[in-house]
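Here's the structure we're looking at; comments come further down.
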């Protein structure tokens, strides 16, 4: 009898944990708002969505609307240089890989290409599975 009551307790615990895991976490702090109207336009209009984000952890420390707007301006000021550097880094990385590939023999090049193809196929399959799961989730809602 003790065994069956333990099984019931464990079973209820597992079911409770699973149920609670399915509930979305909605208890987040609301950021304090100092603006008087929601229809006010921002002082500067950024060109990309990434400029309307604050750096990591800044959004968790209770920034005022004025602080956020100032941070958006700083981000916008530096964004073009950051994009240039990212492009330059990608080009340097491509050049490095190309130079490394020239050092390989034919069998190694074929093996490398095969591995790259397999990785690309796996990424496609994963993306496809993810999108079909999202579609299935939307149908059940």
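Numbering (this note's numbering), first residue to last: 775 to 915.
Ideal Cβ placement from N, Cα and C applies to all residues, glycine included.
No experiment lies behind these values; they were computed from the predicted model shown.
Assign residue i to one of three DSSP states: helix, strand, or coil.
{"i": "residue 838", "result": "coil"}
{"i": "residue 896", "result": "helix"}
{"i": "residue 826", "result": "helix"}
{"i": "residue 876", "result": "coil"}
{"i": "residue 846", "result": "helix"}
{"i": "residue 870", "result": "helix"}
{"i": "residue 806", "result": "The pLDDT assigned to residue 806 is 49, lower than 50, so where the model puts this residue is not dependable; a value taken from the coordinates is nonetheless given after this. Coil."}
Verify the contact flag: residue i, CB atom, against every heavy atom of the ligand ZN, threshold strictly below 8 Å.
{"i": "residue 894", "result": "No copy of the ligand ZN occurs in the structure displayed, which carries no ligand at all."}
Suppose the cutoff is 8 Å on Cβ atoms and the five residues either side in sequence are ignored; what does the same chain contact list for residue i look like?
{"i": "residue 842", "result": "828"}
Practice prompt. Taking 8 Å as the threshold, find out whether the segment 826-834 comes into contact with the segment 842-850 through three or more Cβ pairs.
Written response: Using a C-beta cut-off of 8 Å, the segment 826-834 makes contact with the segment 842-850, since at least three inter-stretch Cβ pairs fall below that distance.
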